[in-house]
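Numbered per this note's numbering, the sequence shown spans residues 340 to 601.
Each residue gets a CB set at the ideal place from its N, CA and C atoms; glycine is no exception.
Beneath this line is the structure, given in structure tokens, with notes to follow.
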Amino acid sequence: MKLRTLVLFASLCSVVGACADDAPPVCPTGDCSLPGSTVVKWKFNNYPQWKFDSDACSDVGAINVRVEMTNAADPTIVDFADKGCGEGQATFIDLPPGNYNVSVQPLDANASVLVTTAATGQVLAGTSGANTEVTVNVPHTAWTQPYTGQFLYRLSWGGPTVSCATATPPVVRQNLTLTAGGQVVTIRNDRGDKLDGSMDYPCWALTEMFPQSVMGLPFGPATLLVVGEDMMNNVVFRTQFDTFIGAGVFNPTLSFDVQPGT
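Encoded structure:
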């Protein structure tokens, strides 16, 4: 039975001419290697040093993002792509070799540019078997609009899991001074606390279900001075933090661990 099968297979090969060395190449060019990919990713207002990863497309009104690639050695070699902002990246296939200057511009629903200056970066073109990528941050200074945002925060005292009552010594009252947009904030938080350093309030426990928050603040870098007092009104904790207020209301809750001080 096996011999008969082999004979039939050999006969079929002789008729169609498609066996062994006579078969056509799987790849039309005879080269099955995949071209290199160069991936450009974007983030908006990425400041890990201030515990702020990124604003969302909806926060800044970005619908699409335009990415332009220019060969650093030969500026006549260019490529570009317009991608939906939510895709988070643009991929360029088989770019000519070399380093590329990258330009990233967020666009609104009318295809208008949302920044005064394009965000830039540089990346080496990907090659077969060696894809490359770069992440370009659009900084807070580039946007054309004066966004406002919500600031959400939690406080710990002398350790990231230490709440008011378990601090050493226990913290009874807190006093906060928040500076945003170069000015001390006059808006009160969701509990009604002032944030200008003028009044003390009961310490907000780390174990509360919701963080404290304040709406309508100027978007951008900010500073938060936190003072904690014991039951005798002595200052026992004090730390100033550099932080960031993102655009819009869907911002992350930032945690601040206040250190002992007077």
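Please list, in chain order, all residues of the same chain as residue i whose beta carbon is under 6 angstroms from its beta carbon, the five residues on each side excluded.
i      : result
Ala420 : Val406 and Ala429
Lys422 : Val404 and Ala429
Asp394 : Phe383, Asn384, Gly585 and Ala586
Please classify residue i as buried or exposed, where buried requires at least 16 other C-beta atoms within 10 Å of its C-beta.
i      : result
Glu568 : buried
Phe589 : exposed
Arg493 : buried
Phe549 : exposed
Thr582 : buried
Ile584 : buried
Asp529 : exposed
Asp413 : exposed
Met538 : exposed
Gln551 : buried
Val511 : buried
Phe391 : buried
What's the C-alpha gap between residue i and residue j?
i      : j      : result
Leu491 : Pro591 : 7 angstroms
Phe595 : Asn572 : 22 angstroms
Gly497 : Gln598 : 5 angstroms
Ala586 : Cys371 : 47 angstroms
Phe576 : Thr601 : 6 angstroms
Asp535 : Val462 : 45 angstroms
Gln513 : Ser495 : 11 angstroms
Trp543 : Thr500 : 13 angstroms
Leu331 : Leu593 : With the chain covering only 340 through 601, there is no way to say anything about residue 331.
Asn470 : Leu434 : 11 angstroms
Val441 : Gly460 : 5 angstroms
Phe348 : Cys424 : The predicted model places Phe348 with a pLDDT of 38, which falls under 50 and marks its position as unreliable, so this point remains unresolved.
Under 8 angstroms by Cβ, that's how I've got residue i and residue j pegged, so tell me the actual separation to the nearest angstrom.
i      : j      : result
Thr516 : Ala561 : In fact, because the Cβ distance is near 11 angstroms, the residues do not count as touching under 8 angstroms.
Val399 : Pro445 : 7 angstroms
Per DSSP, residue i is paired with what?
i      : result
Lys422 : Val404
Glu568 : Arg512 and Val574
Ser376 : Ile432
Could you name the residues of the same chain whose beta carbon sits closer than 8 angstroms to that of residue i, not counting the 5 residues immediately before and after it, in chain order?
i      : result
Leu453 : Val399, Gly400, Ala401, Gln444, Pro445, Leu446, Asp447, Trp482, Thr483 and Gln484
Pro436 : Ala464 and Thr466
Leu373 : Ser467 and Gly468
Gly427 : Lys380 and Trp381
What I want to know is whether the C-beta of residue i ends up closer than 7 angstroms to one or more non-hydrogen atoms of the ligand SAM.
i      : result
Ser502 : By its list of ligands, the structure shown contains no ligand whatsoever, and the ligand SAM lies outside what it can speak to.
Which residues in the same chain have their Cβ closer than 7 angstroms to the Cβ of residue i, if we skip the five residues on either side of it in sequence?
i      : result
Pro508 : Asp569 and Val575
Asp418 : Met408, Phe431 and Leu434
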